[in-house]
Amino acid sequence: MSNHSPMQPSNHRTTHPHPGAADTSPEVIRRWIRALPLADQRATIQLTTAALRDLNSCRMTIDQRAHALALFSPLINTLIKRIAQYYEHSRRSFTSNKREHFDNIQAMLDEIVDGYLIIINESPLPSPLRAHGDEQTRHNKRRVPAGSDTHYLCSALYQAIEHLSQRLLHSYLVYTTPPAEVWGEIHRLYYIAETYNIPATPFSFGFNTLAQAGKTLSIERTYKRILLFSLANPFHLMPHEMTRAYQSLRSWAQQCKIIRSDSPEKLQGRFYIDLESDQPPTHHSLNRLDLELPSLRLLDITEILPTGKYQRTLDRRLAHALIIRPERLTRRTKTNKKITIANGLNACHHCINSESSAQHMIGPINQANPIKIETTSPTTPPNTFSAQQKNSSLGGLALHYNDATQYLPTGALITYRPTTDSLNECWNIGTVKWSRNNLDKGYELGIQCIAEDGAAVKSSMLDSNESHPSLLTPNVDPLTHPTTLIVPIKQFHIGDKLKIHGEAAPFHVELTQLIETTWAYAHYRFNVIAHQHH
4 MSNHSPMQPS
14 NHRTTHPHPG
24 AADTSPEVIR
34 RWIRALPLAD
44 QRATIQLTTA
54 ALRDLNSCRM
64 TIDQRAHALA
74 LFSPLINTLI
84 KRIAQYYEHS
94 RRSFTSNKRE
104 HFDNIQAMLD
114 EIVDGYLIII
124 NESPLPSPLR
134 AHGDEQTRHN
144 KRRVPAGSDT
154 HYLCSALYQA
164 IEHLSQRLLH
174 SYLVYTTPPA
184 EVWGEIHRLY
194 YIAETYNIPA
204 TPFSFGFNTL
214 AQAGKTLSIE
224 RTYKRILLFS
234 LANPFHLMPH
244 EMTRAYQSLR
254 SWAQQCKIIR
264 SDSPEKLQGR
274 FYIDLESDQP
284 PTHHSLNRLD
294 LELPSLRLLD
304 ITEILPTGKY
314 QRTLDRRLAH
324 ALIIRPERLT
334 RRTKTNKKIT
344 IANGLNACHH
354 CINSESSAQH
364 MIGPINQANP
374 IKIETTSPTT
384 PPNTFSAQQK
394 NSSLGGLALH
404 YNDATQYLPT
414 GALITYRPTT
424 DSLNECWNIG
434 TVKWSRNNLD
444 KGYELGIQCI
454 AEDGAAVKSS
464 MLDSNESHPS
474 LLTPNVDPLT
484 HPTTLIVPIK
494 QFHIGDKLKI
504 HGEAAPFHVE
514 LTQLIETTWA
524 YAHYRFNVIA
534 HQHH
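With the numbering used here, the residue at position 230 of the sequence shown is 233, and numbering never jumps.
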């Protein structure tokens with residue numbers, strides 16, 4: 004099967020087809036999609052983008068275009084899902100090759116949005132079912148019949164917002180700032196729906212034979228979901244949490260309300276949306292007096308809170324993110340100094356271990372006698388890089404760096420210290436609480452300090468000789484002072500009994516509480532259950 008666009012004659016190579024000259028029948032499009040090289044994701048994305056571009060240049064009736072785009076939507080959703088799964092497990096830096104792939108995905112989503120914008124622009128707009136600004140009349144809740152003009156308009160507005168939301172989600176997956184004008188277009192589309200009293204109007208994809216066919220949808224619900232996702236601090240989410248969080252918020256969107264604001268007092272201390280801006284929803288501060296009320300909407304999230312009703316850890320974190328937490332008001336102190344960083348538990352272990360004297364280096368466990376700790380000289384040091392500290396606050400600091408080869412997503416475990424005067428500074432242990440990739444302008448990180456120092460040790464189950472690099476924090480005698488243990492992810496569980504090998508004699512512990520876990524490490528509290536004296 005040819006990989007030519009279904010809208011393009013097989014001998015047509017360089018120019019768009021003339022209006023009316025292409026075959027856009029559903030069967031032709033289905034055959035073309037089935038022939039795509041799905042195993043080659045990059046090629047599939049490029050071919051799909053070209054096909055959508057050709058489709059957008061064709062002259063078609065509204066129902067023909069709606070049917071054609073409906074055939075492409077499941078393909079695009081599948082591609083986005085696969086891309087999200089790749090990013091969830093990828094620890095690679097945002098190189099030029101990855102940047103090109105990112106741009107291609109954004110271009111594909113942009114083309115399908117353009118297709119739905121054509122439908123919106125060509126649709127005979129329904130008469131508003133209430134006077135604009137009339138707050139006494141509820142939104143129209145009558146179900147829209149499939150195939151009607153209003154149905155095509157509802158469907159196009161919904162799909163355009165949904166695919167624009169995918170552009171935002173895809174940006175957040177690689178911790179990049181959303182593209183310009185995407186938020187502005189989402190707000191504009193919602194305003195169109197609001198003007199014609201159809202944001203809450205239920206409808207379904209009557210022409211779609213897939214699983215979505217029977218689902219009741221509304222423009223308002225998909226709009227509220229991306230609003231909530233933006234407010235839930237996506238840069239604070241770990242890669243594997245992004246898609247899960249977005250899916251969770253589908254049901255949460257039903258519980259929040261969008262309300263017109265008729266007075267500045269109603270805005271204070273609440274989340275709001277400016278429909279004439281290109282900005283995500285934000286929290287209104289008391290010093291914002293320059294806002295125009297007609298374009299503002301309040302986002303009422305009262306029913307989503309409190310957080311106690313959520314069982315999943317991620318859901319509780321999402322709910323907490325919607326609360327104005329005290330640390331957001333913490334004073335930040337501007338600083339200007341270089342910080343040296345090493346990434347990963349093994350790197351942390353090496354750097355902290357290297358601060359010990361050579362006589363006490365913690366080397367591999369002697370398998371013949373696991374009680375004995377071998378002494379060793381420092382091995383090849385881990386890669387480090389420098390970042391510029393921007394500010395500091397209670398328990399953390401903000402950094403900026405330009406090294407594109409270093410990728411530190413949220414959840415990474417690092418060790419760091421000032422680059423100058425390093426001989427007098429201990430290696431701090433920290434975790435990346437938020438990450439932002441500004442593409443050509445470098446990376447920004449928010450670091451939370453776990454401990455100002457630590458001890459490099461090795462941990463093993465009592466009945467096993469397999470040991471793992473670990474960190475005791477802080478660097479005090481664990482037999483007489485409370486300490487915690489940082490270990491590799493998925494190696495141990497609460498209740499496990501471990502043997503800790505350090506500079507002193509080994510001792511035994513039982514893990515009692517999981518403080519935090521990310522894709523990079525697990526942090527436990529423990530009780531000492533046995534130890535050997537010198």
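Yeah, the Cβ is synthetic: ideal placement off N, Cα and C, and Gly gets one too. Computed from a prediction, not measured in an experiment: that's the story for all the values here.
| If you draw a straight line from the C-alpha of H92 to the C-alpha of A523, how long is it? | For H92 and A523, the gap between their C-alpha atoms comes out near 11 Å.
| task | Compute the beta-carbon to beta-carbon distance between Y446 and G433, rounded to the nearest angstrom, for a pair I have assumed lies under 8 Å. | result | Not confirmed; about 15 Å, so no contact.
| query | So what does R300 bridge to, in DSSP terms? | reply | Residue pairing by DSSP places R300 opposite R263 and I276 in a beta bridge.
| Given 8 Å as the limit, is there contact between the segment 238 to 250 and the segment 190 to 204, that is, 3 or more CB pairs closer than that? | At 8 Å Cβ cutoff, the stretches do not touch.
| query | Any heavy atom of the ligand HEM closer than 7 Å to the Cβ of Q257? | reply | In terms of ligand content, the structure shown is empty, and the ligand HEM therefore cannot be addressed.
| query | Cβ of T336 within 8 Å of Cβ of N394? | reply | Their beta carbons are under 8 Å apart, which means T336 touches N394 by this criterion.
| message | Using DSSP's beta-bridge definition, name the partner residues of H471. | response | H471 has S462 as its beta-bridge partners, per DSSP.
| What is the DSSP secondary structure of K393, counted as helix, strand or coil? | For K393, the three-state secondary structure derived from DSSP is strand.
| query | For the alpha helix (DSSP H) that contains R247, what are its first and last residues? | reply | That run of the alpha helix (DSSP H) goes M245 to W255.
| Run through DSSP, which three-state label would T483 get? | In the three-state reduction of the DSSP assignment, T483 falls in the coil class.
| S462 classed as buried or exposed, judged by whether at least 16 other C-beta atoms fall within 10 angstroms | When all chains shown are included, S462 counts as buried.
| query | To the nearest angstrom, how far is it from the Cα of N386 to the Cα of T413? | reply | Taking the CA atoms as reference points, N386 sits about 19 Å from T413.
| Other residues of its chain near T487: CB distance less than 7 Å, five sequence neighbours each side excluded | Its chain contains T476, I518, H526, Y527 and R528 as the residues whose beta carbon lies nearer than 7 Å to that of T487, once the 5 sequence neighbours on both sides are disregarded; these appear in chain order.
| query | Which residue's Cα is closest to the Cα of L348: A69, I83 and H471? | reply | Comparing alpha carbon positions, the residue from A69, I83 and H471 closest to L348 is H471.
| message | Just to confirm the assignment, what range does the beta strand (DSSP E) spanning K500 have? | response | Looking at the DSSP string, the run of the beta strand (DSSP E) that includes K500 is K500 to H504.
| query | Which residues bound the alpha helix (DSSP H) around C354? | reply | For C354, the enclosing alpha helix (DSSP H) covers residues L348 to S357.
| query | So W522 is in the beta strand (DSSP E); what residue range does that whole segment cover? | reply | Neither: W522 is in no beta strand (DSSP E) and is coded neither H nor E.
| By the 10 Å Cβ neighbour count, where 16 or more other Cβ atoms means buried, how is K84 classified, buried or exposed? | Counting C-beta atoms within 10 angstroms of its own C-beta, K84 has fewer than 16 neighbours from the protein chains shown and is therefore classed as exposed.
| query | How would you label S233, buried or exposed, when you count the other beta carbons within 10 angstroms and need 16 or more for buried? | reply | Label assigned to S233: buried.
| Can the beta-carbon of Q257 be found less than 8 Å from the beta-carbon of H173? | Not closer than 8 Å, so no.
| query | What separation, rounded to the nearest whole angstrom, lies between the Cα atoms of L112 and R68? | reply | Cα-Cα distance, rounded: 16 Å.
| For W430, the three-state DSSP class (helix, strand or coil) | For W430, the secondary structure class from DSSP, reduced to helix, strand or coil, is coil.
| message | Quick check on the burial criterion: 16 or more other C-beta atoms within 10 angstroms. Buried or exposed for T383? | response | So T383 counts as exposed.
| Beta-ladder partner(s) of Q401, from DSSP | The question names Gln, but residue 401 is Ala in the sequence shown. Answer is N394 and G449.
| query | Residue ranges of each alpha helix (DSSP H) run of no fewer than 4 residues wholly in the segment 183 to 237, ordered along the chain? | reply | DSSP runs (the alpha helix (DSSP H)) wholly in the segment 183 to 237: 185 to 198 and 222 to 234.
| message | I'd like the list of long-range same chain contacts for I497, defined as Cβ closer than 8 Å, with 5 residues on each side in sequence excluded. | response | Apart from the 5 residues on each side of it in sequence, I497 sits with its Cβ closer than 8 Å to the Cβ of L514, T515, Q516, L517 and Y527 in its chain, given in chain order.
| said: Between which two residues does the alpha helix (DSSP H) holding Y90 run? | reply: Run containing Y90: I65 to H92, per the alpha helix (DSSP H) assignment.
| query | Which residues mark the beginning and the end of the beta strand (DSSP E) in which T305 is found? | reply | Under the DSSP assignment, T305 falls outside any beta strand (DSSP E); it carries neither an H nor an E label.
| said: Helix, strand or coil, according to DSSP, for N530 in the structure here? | reply: It is a strand residue.
| CA nearest to the CA of M87, picked from P242, L167, I307 and I450 | The question names Met, but residue 87 is Ala in the sequence shown. Measuring from the Cα of A87, the nearest candidate turns out to be P242.
| task | Evaluate A454 with the Cβ neighbour count: other Cβ atoms within 10 Å of its Cβ, from every protein chain shown; 16 or more gives buried, anything less gives exposed. | result | By the neighbour-count definition (other C-beta atoms within 10 Å, threshold 16), A454 is a buried residue.
| said: Check whether the segment 501 to 514 and the segment 399 to 417 touch, using three or more Cβ-Cβ pairs below 8 Å as the test. | reply: Counting Cβ pairs under 8 Å, fewer than three are found: no touch.
| Looking at C-alpha atoms only, which residue of P202, P205, A459 and L171 is the closest neighbour of H352? | Looking at the Cα atoms, A459 is the closest of the given residues.
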